[in-house]
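In the numbering used here, the protein residues as written are 58 to 408.
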(Lines of atoms letter the chains of each structure in order from A and count residues from 1; the text may use other names and numbers.)
(Lines give C-alpha, C1' and ligand atoms only; values in the text may rest on other atoms or scores of the structure.)
Protein backbone atom coordinates (compact mmCIF):
# COMPACT_ATOMS: atom_id res chain seq x y z
CA UNK A 1 0.00 0.00 0.00
CA UNK A 2 1.28 3.46 -0.86
CA UNK A 3 0.11 7.06 -0.75
CA UNK A 4 -0.58 8.87 -4.02
CA UNK A 5 -0.68 12.62 -3.34
CA UNK A 6 -1.83 14.94 -6.12
CA UNK A 7 -1.53 18.71 -5.67
CA UNK A 8 -3.42 21.22 -7.83
CA UNK A 9 -2.13 24.76 -7.39
CA UNK A 10 -3.62 28.02 -8.64
CA UNK A 11 -0.87 30.34 -9.84
CA UNK A 12 -1.24 34.06 -10.41
CA UNK A 13 0.31 36.60 -12.75
CA UNK A 14 -0.55 39.59 -10.59
CA UNK A 15 2.45 41.67 -9.49
CA UNK A 16 3.78 40.78 -6.09
CA UNK A 17 6.30 38.57 -4.30
CA UNK A 18 6.67 35.07 -5.70
CA UNK A 19 5.81 33.24 -2.49
CA UNK A 20 4.80 29.60 -2.54
CA UNK A 21 1.13 28.86 -1.94
CA UNK A 22 0.00 26.52 0.82
CA UNK A 23 -0.47 23.79 -1.79
CA UNK A 24 3.12 24.11 -2.96
CA UNK A 25 4.40 24.30 0.61
CA UNK A 26 2.50 21.11 1.43
CA UNK A 27 3.84 19.40 -1.69
CA UNK A 28 7.38 20.18 -0.54
CA UNK A 29 6.66 18.55 2.81
CA UNK A 30 5.10 15.44 1.31
CA UNK A 31 7.72 14.57 -1.30
CA UNK A 32 7.93 11.07 -2.79
CA UNK A 33 9.80 8.61 -0.59
CA UNK A 34 12.77 6.52 -1.73
CA UNK A 35 10.97 3.31 -0.85
CA UNK A 36 7.91 4.26 -2.95
CA UNK A 37 5.61 4.34 0.07
CA UNK A 38 4.49 7.75 -1.19
CA UNK A 39 4.38 9.23 -4.69
CA UNK A 40 3.59 12.90 -5.28
CA UNK A 41 2.37 14.88 -8.29
CA UNK A 42 2.17 18.67 -8.64
CA UNK A 43 0.50 20.95 -11.17
CA UNK A 44 1.03 24.71 -10.98
CA UNK A 45 -2.36 25.41 -12.54
CA UNK A 46 -3.42 28.07 -15.02
CA UNK A 47 -2.52 31.68 -14.33
CA UNK A 48 -5.42 33.82 -13.18
CA UNK A 49 -6.25 37.10 -14.83
CA UNK A 50 -8.40 39.95 -13.61
CA UNK A 51 -10.39 41.34 -16.51
CA UNK A 52 -12.27 44.60 -15.97
CA UNK A 53 -14.63 43.71 -18.82
CA UNK A 54 -15.87 40.19 -18.20
CA UNK A 55 -18.12 39.87 -21.24
CA UNK A 56 -16.08 41.22 -24.14
CA UNK A 57 -14.68 38.84 -26.81
CA UNK A 58 -11.22 38.79 -25.24
CA UNK A 59 -12.66 37.83 -21.85
CA UNK A 60 -14.77 35.06 -23.41
CA UNK A 61 -11.69 33.65 -25.12
CA UNK A 62 -9.77 33.86 -21.85
CA UNK A 63 -12.53 31.93 -20.03
CA UNK A 64 -12.41 29.18 -22.66
CA UNK A 65 -8.62 28.98 -22.33
CA UNK A 66 -8.82 28.88 -18.53
CA UNK A 67 -11.33 26.02 -18.65
CA UNK A 68 -9.22 24.12 -21.19
CA UNK A 69 -6.09 24.50 -19.03
CA UNK A 70 -7.93 23.27 -15.94
CA UNK A 71 -9.31 20.32 -17.91
CA UNK A 72 -5.79 19.37 -19.00
CA UNK A 73 -4.70 19.41 -15.36
CA UNK A 74 -7.49 17.00 -14.41
CA UNK A 75 -6.72 14.70 -17.35
CA UNK A 76 -2.98 14.67 -16.56
CA UNK A 77 -3.71 13.83 -12.93
CA UNK A 78 -6.13 11.10 -13.97
CA UNK A 79 -3.51 9.37 -16.12
CA UNK A 80 -0.94 9.71 -13.32
CA UNK A 81 -3.32 7.62 -11.24
CA UNK A 82 -3.93 5.17 -14.09
CA UNK A 83 -0.16 4.61 -14.30
CA UNK A 84 0.51 4.34 -10.56
CA UNK A 85 -2.62 3.34 -8.63
CA UNK A 86 -3.09 -0.18 -7.31
CA UNK A 87 -5.94 -1.53 -5.17
CA UNK A 88 -5.49 -0.59 -1.50
CA UNK A 89 -3.43 2.50 -2.40
CA UNK A 90 -4.56 5.71 -0.68
CA UNK A 91 -5.33 8.73 -2.87
CA UNK A 92 -4.89 12.24 -1.45
CA UNK A 93 -6.20 15.15 -3.55
CA UNK A 94 -5.13 18.68 -2.58
CA UNK A 95 -6.00 21.98 -4.21
CA UNK A 96 -6.27 25.73 -3.68
CA UNK A 97 -8.62 28.16 -5.42
CA UNK A 98 -9.24 26.92 -8.94
CA UNK A 99 -6.89 24.05 -8.19
CA UNK A 100 -9.35 22.97 -5.51
CA UNK A 101 -12.08 22.98 -8.17
CA UNK A 102 -9.86 20.63 -10.23
CA UNK A 103 -9.31 18.35 -7.23
CA UNK A 104 -13.05 18.11 -6.61
CA UNK A 105 -13.69 17.43 -10.30
CA UNK A 106 -11.16 14.59 -10.27
CA UNK A 107 -12.78 13.12 -7.15
CA UNK A 108 -16.11 13.18 -8.97
CA UNK A 109 -14.54 11.42 -11.98
CA UNK A 110 -13.09 8.71 -9.75
CA UNK A 111 -16.53 8.14 -8.23
CA UNK A 112 -18.22 7.88 -11.62
CA UNK A 113 -15.82 6.05 -13.94
CA UNK A 114 -13.02 4.89 -11.66
CA UNK A 115 -9.64 4.29 -13.25
CA UNK A 116 -10.08 2.75 -16.68
CA UNK A 117 -6.66 1.13 -17.09
CA UNK A 118 -8.27 -2.16 -18.16
CA UNK A 119 -11.13 -0.62 -20.11
CA UNK A 120 -11.41 0.39 -23.72
CA UNK A 121 -9.24 3.40 -24.58
CA UNK A 122 -12.12 4.97 -26.51
CA UNK A 123 -14.29 4.89 -23.39
CA UNK A 124 -11.55 6.61 -21.37
CA UNK A 125 -11.26 9.32 -24.02
CA UNK A 126 -15.03 9.77 -24.12
CA UNK A 127 -15.41 9.91 -20.33
CA UNK A 128 -12.63 12.45 -19.91
CA UNK A 129 -13.81 14.61 -22.81
CA UNK A 130 -17.43 14.64 -21.66
CA UNK A 131 -17.11 14.65 -17.88
CA UNK A 132 -13.73 16.17 -16.88
CA UNK A 133 -14.77 19.78 -16.21
CA UNK A 134 -17.67 19.68 -18.70
CA UNK A 135 -18.71 22.95 -20.30
CA UNK A 136 -22.39 21.97 -20.08
CA UNK A 137 -24.28 20.97 -16.95
CA UNK A 138 -24.43 17.29 -16.08
CA UNK A 139 -27.43 16.06 -14.14
CA UNK A 140 -27.49 13.26 -11.60
CA UNK A 141 -28.98 11.11 -14.37
CA UNK A 142 -26.02 11.89 -16.64
CA UNK A 143 -23.53 10.89 -13.96
CA UNK A 144 -25.51 7.72 -13.27
CA UNK A 145 -25.46 6.84 -16.97
CA UNK A 146 -21.67 7.14 -17.28
CA UNK A 147 -21.21 5.16 -14.07
CA UNK A 148 -23.43 2.30 -15.32
CA UNK A 149 -21.53 2.26 -18.60
CA UNK A 150 -18.20 2.08 -16.77
CA UNK A 151 -19.51 -0.76 -14.58
CA UNK A 152 -20.69 -2.66 -17.65
CA UNK A 153 -17.23 -2.41 -19.21
CA UNK A 154 -15.78 -3.68 -15.92
CA UNK A 155 -17.96 -6.83 -16.02
CA UNK A 156 -20.47 -5.42 -13.58
CA UNK A 157 -18.00 -4.56 -10.83
CA UNK A 158 -18.19 -1.31 -8.89
CA UNK A 159 -15.71 1.04 -10.55
CA UNK A 160 -15.70 3.82 -7.95
CA UNK A 161 -12.23 4.54 -6.58
CA UNK A 162 -12.11 6.00 -3.06
CA UNK A 163 -10.36 9.27 -2.27
CA UNK A 164 -8.71 8.75 1.10
CA UNK A 165 -8.33 12.48 1.84
CA UNK A 166 -9.54 15.61 0.04
CA UNK A 167 -7.79 18.79 1.18
CA UNK A 168 -9.05 22.10 -0.21
CA UNK A 169 -8.20 25.73 0.36
CA UNK A 170 -11.07 28.06 -0.60
CA UNK A 171 -12.42 26.51 -3.80
CA UNK A 172 -13.08 28.97 -6.64
CA UNK A 173 -15.04 28.32 -9.79
CA UNK A 174 -13.02 27.83 -12.96
CA UNK A 175 -14.14 30.41 -15.56
CA UNK A 176 -15.91 28.68 -18.43
CA UNK A 177 -16.68 25.53 -16.42
CA UNK A 178 -20.00 24.58 -14.86
CA UNK A 179 -20.85 25.15 -11.21
CA UNK A 180 -20.11 22.36 -8.77
CA UNK A 181 -23.17 21.44 -6.78
CA UNK A 182 -24.12 19.00 -4.04
CA UNK A 183 -25.86 16.71 -6.55
CA UNK A 184 -22.46 16.06 -8.14
CA UNK A 185 -21.10 14.60 -4.92
CA UNK A 186 -21.10 10.80 -5.11
CA UNK A 187 -19.68 9.81 -1.74
CA UNK A 188 -16.31 8.26 -2.57
CA UNK A 189 -14.41 10.68 -0.32
CA UNK A 190 -13.41 9.01 2.95
CA UNK A 191 -12.37 12.19 4.76
CA UNK A 192 -11.25 15.72 4.02
CA UNK A 193 -10.99 19.35 5.00
CA UNK A 194 -12.04 22.56 3.25
CA UNK A 195 -10.76 25.94 4.47
CA UNK A 196 -13.08 28.81 3.48
CA UNK A 197 -12.26 32.53 3.69
CA UNK A 198 -14.74 34.58 5.72
CA UNK A 199 -13.68 37.87 4.14
CA UNK A 200 -13.98 36.82 0.49
CA UNK A 201 -11.81 38.66 -1.99
CA UNK A 202 -12.11 35.97 -4.67
CA UNK A 203 -13.01 38.23 -7.57
CA UNK A 204 -15.93 37.74 -9.96
CA UNK A 205 -15.73 33.93 -9.97
CA UNK A 206 -16.92 33.22 -6.45
CA UNK A 207 -16.33 30.45 -3.98
CA UNK A 208 -17.72 26.91 -4.34
CA UNK A 209 -18.64 25.50 -0.95
CA UNK A 210 -18.95 21.83 -0.13
CA UNK A 211 -22.41 22.14 1.35
CA UNK A 212 -23.61 19.41 3.70
CA UNK A 213 -21.09 16.65 2.95
CA UNK A 214 -20.47 14.88 6.26
CA UNK A 215 -17.11 13.39 5.26
CA UNK A 216 -15.41 16.72 4.50
CA UNK A 217 -15.06 19.20 7.36
CA UNK A 218 -15.68 22.70 6.02
CA UNK A 219 -14.24 25.33 8.37
CA UNK A 220 -14.31 29.12 7.99
CA UNK A 221 -11.13 31.13 8.63
CA UNK A 222 -10.57 34.85 9.02
CA UNK A 223 -8.99 36.57 6.04
CA UNK A 224 -9.51 36.96 2.32
CA UNK A 225 -8.98 34.30 -0.32
CA UNK A 226 -5.23 34.93 -0.60
CA UNK A 227 -4.84 34.85 3.21
CA UNK A 228 -6.33 31.35 3.28
CA UNK A 229 -4.55 29.82 0.26
CA UNK A 230 -1.19 31.57 0.70
CA UNK A 231 0.97 32.74 -2.17
CA UNK A 232 1.43 36.28 -3.49
CA UNK A 233 -0.18 39.05 -1.45
CA UNK A 234 -1.09 36.72 1.44
CA UNK A 235 -0.78 37.76 5.06
CA UNK A 236 1.34 34.82 6.12
CA UNK A 237 0.40 34.75 9.82
CA UNK A 238 -3.15 33.94 8.67
CA UNK A 239 -2.06 31.61 5.86
CA UNK A 240 0.08 29.62 8.30
CA UNK A 241 -2.99 28.90 10.41
CA UNK A 242 -4.79 27.20 7.52
CA UNK A 243 -1.57 25.42 6.48
CA UNK A 244 -1.07 23.99 9.96
CA UNK A 245 -4.73 22.90 10.12
CA UNK A 246 -4.50 21.09 6.78
CA UNK A 247 -1.20 19.41 7.67
CA UNK A 248 -2.81 18.15 10.87
CA UNK A 249 -5.55 16.50 8.81
CA UNK A 250 -3.07 15.03 6.33
CA UNK A 251 -0.82 13.52 9.00
CA UNK A 252 -3.83 12.06 10.81
CA UNK A 253 -4.89 10.50 7.50
CA UNK A 254 -1.50 8.83 7.05
CA UNK A 255 0.47 11.20 4.82
CA UNK A 256 4.25 10.93 5.27
CA UNK A 257 6.20 14.10 6.00
CA UNK A 258 9.58 14.13 4.25
CA UNK A 259 12.65 13.42 6.38
CA UNK A 260 14.50 16.32 4.77
CA UNK A 261 11.98 18.86 6.05
CA UNK A 262 13.04 21.00 8.98
CA UNK A 263 12.15 19.35 12.30
CA UNK A 264 9.89 22.14 13.56
CA UNK A 265 6.30 23.12 13.02
CA UNK A 266 4.61 26.17 11.49
CA UNK A 267 3.36 26.60 15.09
CA UNK A 268 0.97 29.53 14.60
CA UNK A 269 0.24 31.36 17.84
CA UNK A 270 -2.51 33.59 19.17
CA UNK A 271 -0.40 36.53 18.06
CA UNK A 272 -0.70 35.28 14.47
CA UNK A 273 -4.47 35.14 14.89
CA UNK A 274 -4.45 38.89 15.60
CA UNK A 275 -2.77 39.77 12.29
CA UNK A 276 -4.68 42.08 9.99
CA UNK A 277 -5.56 40.58 6.61
CA UNK A 278 -6.07 42.08 3.18
CA UNK A 279 -9.05 44.40 2.67
CA UNK A 280 -11.94 43.14 0.57
CA UNK A 281 -15.21 44.55 -0.69
CA UNK A 282 -16.61 41.07 -1.39
CA UNK A 283 -17.68 39.74 2.00
CA UNK A 284 -19.24 36.30 2.20
CA UNK A 285 -22.28 35.15 4.12
CA UNK A 286 -21.25 32.57 6.71
CA UNK A 287 -24.17 30.14 7.18
CA UNK A 288 -25.85 29.46 10.50
CA UNK A 289 -24.21 26.72 12.59
CA UNK A 290 -21.05 26.93 10.47
CA UNK A 291 -17.77 25.52 11.75
CA UNK A 292 -15.49 28.49 12.45
CA UNK A 293 -11.83 28.04 13.34
CA UNK A 294 -11.09 28.83 16.97
CA UNK A 295 -8.37 31.31 15.95
CA UNK A 296 -11.20 33.67 14.99
CA UNK A 297 -12.32 33.70 18.63
CA UNK A 298 -8.91 35.11 19.59
CA UNK A 299 -9.40 37.99 17.15
CA UNK A 300 -12.92 38.66 18.42
CA UNK A 301 -11.69 39.32 21.94
CA UNK A 302 -9.93 42.48 20.80
CA UNK A 303 -12.11 43.22 17.75
CA UNK A 304 -15.73 42.59 18.84
CA UNK A 305 -17.08 44.38 15.76
CA UNK A 306 -15.99 41.37 13.71
CA UNK A 307 -19.06 39.55 15.05
CA UNK A 308 -21.03 41.36 12.33
CA UNK A 309 -19.47 39.05 9.74
CA UNK A 310 -20.44 35.89 11.61
CA UNK A 311 -23.77 34.10 12.06
CA UNK A 312 -25.78 34.20 15.27
CA UNK A 313 -25.00 30.54 15.97
CA UNK A 314 -21.68 28.92 15.13
CA UNK A 315 -19.45 26.04 16.24
CA UNK A 316 -15.84 26.61 17.19
CA UNK A 317 -13.56 24.05 15.51
CA UNK A 318 -9.97 22.98 16.26
CA UNK A 319 -9.98 24.52 19.71
CA UNK A 320 -6.51 23.17 20.56
CA UNK A 321 -4.85 24.72 17.50
CA UNK A 322 -2.53 27.03 19.45
CA UNK A 323 -1.19 24.13 21.53
CA UNK A 324 -0.33 22.06 18.47
CA UNK A 325 3.38 22.93 18.45
CA UNK A 326 6.60 21.02 17.72
CA UNK A 327 4.76 18.44 15.64
CA UNK A 328 5.18 19.21 11.97
CA UNK A 329 8.17 20.57 10.04
CA UNK A 330 8.12 23.97 8.39
CA UNK A 331 8.03 23.76 4.59
CA UNK A 332 10.52 25.46 2.32
CA UNK A 333 8.47 28.29 0.82
CA UNK A 334 10.87 29.03 -2.04
CA UNK A 335 8.75 28.67 -5.21
CA UNK A 336 9.26 25.71 -7.50
CA UNK A 337 11.28 26.30 -10.64
CA UNK A 338 8.36 24.97 -12.63
CA UNK A 339 5.29 25.75 -12.67
CA UNK A 340 -11.66 13.78 10.71
CA UNK A 341 -10.78 15.94 13.40
CA UNK A 342 -10.66 14.84 17.04
CA UNK A 343 -10.64 18.31 18.53
CA UNK A 344 -13.37 19.43 20.90
CA UNK A 345 -15.98 21.71 19.47
CA UNK A 346 -17.66 24.51 21.35
CA UNK A 347 -20.96 26.04 20.34
CA UNK A 348 -20.94 29.81 20.58
CA UNK A 349 -23.76 32.32 20.43
CA UNK A 350 -22.86 35.85 19.35
CA UNK A 351 -24.18 38.56 21.56
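We put the beta carbon where it would ideally sit given N, CA and C, even for glycine.
Review point. Just the Cα atoms here: how many angstroms apart are residue 325 and residue 84?
Key: Taking the first residue of the chain shown as position 1, residue 325 is located at position 268. Taking the first residue of the chain shown as position 1, residue 84 is located at position 27. Cα to Cα, the separation comes out at about 19 Å.
**Study point:** N-terminal and C-terminal residue of the alpha helix (DSSP H) that residue 251 is part of
**Key:** In the chain shown, counting from the first residue as 1, residue 251 sits at position 194. Premise fails: residue 251 lies in the beta strand (DSSP E), 249-254, not in any alpha helix (DSSP H).
Exercise for review: Could you check what DSSP says for residue 328 in three-state terms: helix, strand or coil?
Suggested key: Taking the first residue of the chain shown as 1, we reach residue 328 at position 271. Residue 328: helix per DSSP, three-state reduction.
Review point. Closest by CA to residue 358, which one among 273, 327, 340 and 374?
Key: For the purposes of this step, residue 358 is taken as the residue at position 301 of the chain shown. With distances taken between Cα atoms, residue 358 lies closest to 327.
Check your understanding: Once you ignore the five residues that flank residue 297 on each side, which residues in its own chain have a CB closer than 7 Å to its CB?
Key -> By one-based count along the chain shown, residue 297 stands at place 240. Cβ neighbours of residue 297 beyond the five flanking positions: 323, 325 and 329.
Exercise for review: Note the first and the last residue of the continuous alpha helix (DSSP H) segment covering residue 79.
Suggested key: Looking up residue 79 in the chain shown gives position 22. Segment 79-86, the alpha helix (DSSP H) holding residue 79.
Review point. Nearest chain B C-beta to residue 79 closer than 8 Å, yes or no?
Key: Within the model displayed, chain B is absent; a lone protein chain is all it includes.
Check your understanding: Using DSSP with H/G/I as helix, E/B as strand and the rest coil, what is residue 374?
Key -> Along the chain shown, one-based indexing puts residue 374 at 317. Three-state result, residue 374: strand.
Check your understanding: For residue 333, does the count of other Cβ atoms within 10 angstroms reach 16, so buried, or fall short, so exposed?
Key -> Numbered from 1 along the chain shown, position 276 holds the residue referred to as residue 333. The residue is exposed, with fewer than 16 neighbouring Cβ atoms inside 10 Å.
Exercise for review: Find the nearest neighbour of residue 143 within the set 293, 95 and 126, judged by alpha-carbon distance.
Suggested key: Numbered from 1 along the chain shown, position 86 holds the residue referred to as residue 143. Taking only the C-alpha atoms, the option nearest residue 143 is 95.
Practice item. With DSSP as the reference, label residue 278 as helix, strand or coil. Key: For the purposes of this step, residue 278 is taken as residue 221 along the chain shown, with counting starting at 1. Strand.
Review point. So residue 198 is in the alpha helix (DSSP H); what residue range does that whole segment cover?
Key: Translated into positions along the chain shown, residue 198 becomes position 141. It spans 197-210 - the alpha helix (DSSP H) in which residue 198 sits, taken as one unbroken run.
Review point. If you follow the alpha helix (DSSP H) that residue 164 is part of, which residue opens it and which one closes it?
Key: Residue 164 sits at position 107 when you count from the first residue of the chain shown. 155-169 is the span of the alpha helix (DSSP H), which, as asked, contains residue 164.
Practice item. Could you name the residues that DSSP lists as bridge partners for residue 246? Key: As a first step, residue 246 is located in the chain shown; it is residue number 189 there, counting from the start. Within the DSSP secondary-structure output, residue 246 pairs in a beta bridge with 220.
Check your understanding: Nearest-angstrom Cα distance between residue 370 and residue 277?
Key -> The sequence position of residue 370 within the chain shown is 313, counting from 1. The sequence position of residue 277 within the chain shown is 220, counting from 1. Each residue's Cα considered, the two are about 13 Å apart.
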